[in-house]
Amino acid sequence: MKTRHGWPRIVEPEALDSLDAGDPAAQRSRRDLRRLHHAMGTLPILMRALDKEVGTRPIRMLELGAGDGSLALRLAKRRAGQWPPVSITLLDRQNVVDDETLQGLRLAGWSPAIATADVFDWLDQPQAVPWDMVIANLFVHHFLPGDLARLLHAISCSTSLFFCCEPRRDTVALAGSHAVGLLGAGAITREDAVLSVHAGFREKELTAAWPKAVGWRLREYAAGLFSHCFLALRE
17 MKTRHGWPRI VEPEALDSLD AGDPAAQRSR RDLRRLHHAM GTLPILMRAL DKEVGTRPIR
77 MLELGAGDGS LALRLAKRRA GQWPPVSITL LDRQNVVDDE TLQGLRLAGW SPAIATADVF
137 DWLDQPQAVP WDMVIANLFV HHFLPGDLAR LLHAISCSTS LFFCCEPRRD TVALAGSHAV
197 GLLGAGAITR EDAVLSVHAG FREKELTAAW PKAVGWRLRE YAAGLFSHCF LALRE
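According to my numbering, the sequence shown is numbered sequentially starting from 17.
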């Protein structure tokens, strides 16, 4: 997809996705991702997007591409006692969520569950009750246009709120991706960070990819120095 600024979106496989969960290089990359989330301000961005949409009823939340669950844990700790009870399912192709993270979620008052599956297999399963929220962070940019459209359609059939925070495809984010080594990132993360920016989003690309159906309020916006966000709310 080429924008009016002439920077086409290019999706290439990222090295971390091909590594076994127990590979030391994968473990280091997951630690790197935690540092990147801090540097990108992902948690404050996530809280600002979701806080005003949280009511008083218990929340059923699904996180796509949840990885080690560390971002969900930070969210749970920061919103403990402020949000209603949350039941969260952490979905990823590999289970790398440790017992300490699960216990931390429980101590924060959340009820965690783990789902180890391909995202399309999971979303294609009929849900007796729609999710209240589906969230994703540094996940949606992995998909080529056809799979992206399929993913967003499946999400739209499964929830009343979807939020994702992805890499922004611009020169500032690209410069930042080349500098992640300054955060102590390993070789795999240094390479994947650059690829992720080229696969990231800008302008209204996710809005254009969302199913053309009435009853949705869409917001797509830049956040911080490096992030691009998309929020879909069922009206």
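Note that beta-carbon positions come from the ideal geometry of N, C-alpha and C, so glycine has one too.
Source: prediction; values computed, not measured.
Where residue 135 is concerned, there is no enclosing beta strand (DSSP E), although the alpha helix (DSSP H) around it starts and stops at 135-140. If you draw a straight line from the Cα of residue 231 to the Cα of residue 209, it comes to about 35 Å. Residue 136 sits exposed, since fewer than 16 C-beta atoms from the chains shown fall within 10 Å of its C-beta.
Taking a contact as a CB-CB distance under 8 Å, the pair residue 48 and residue 205 counts as one, their CB atoms being some 4 Å apart. DSSP places residue 145 in no alpha helix (DSSP H); its state is neither H nor E. In this structure, the beta-carbon distance from residue 247 to residue 167 does not fall below 9 Å.
In the same chain as residue 44, and ignoring 5 residues on each side of it, the C-beta atoms closer than 6 Å to its own belong to 202, in chain order. By a beta-carbon distance limit of 8 Å, residue 69 does not contact residue 222. Their separation comes to about 18 Å. Three or more beta-carbon pairs drawn from the stretch 92-109 and the stretch 62-77 are found closer than 8 Å, and the two stretches are therefore classed as touching. Taking residue 158 as reference, the option from 211, 67, 50 with the minimal CA-CA separation is 211. For residue 208, DSSP assigns no beta-bridge partner whatsoever.
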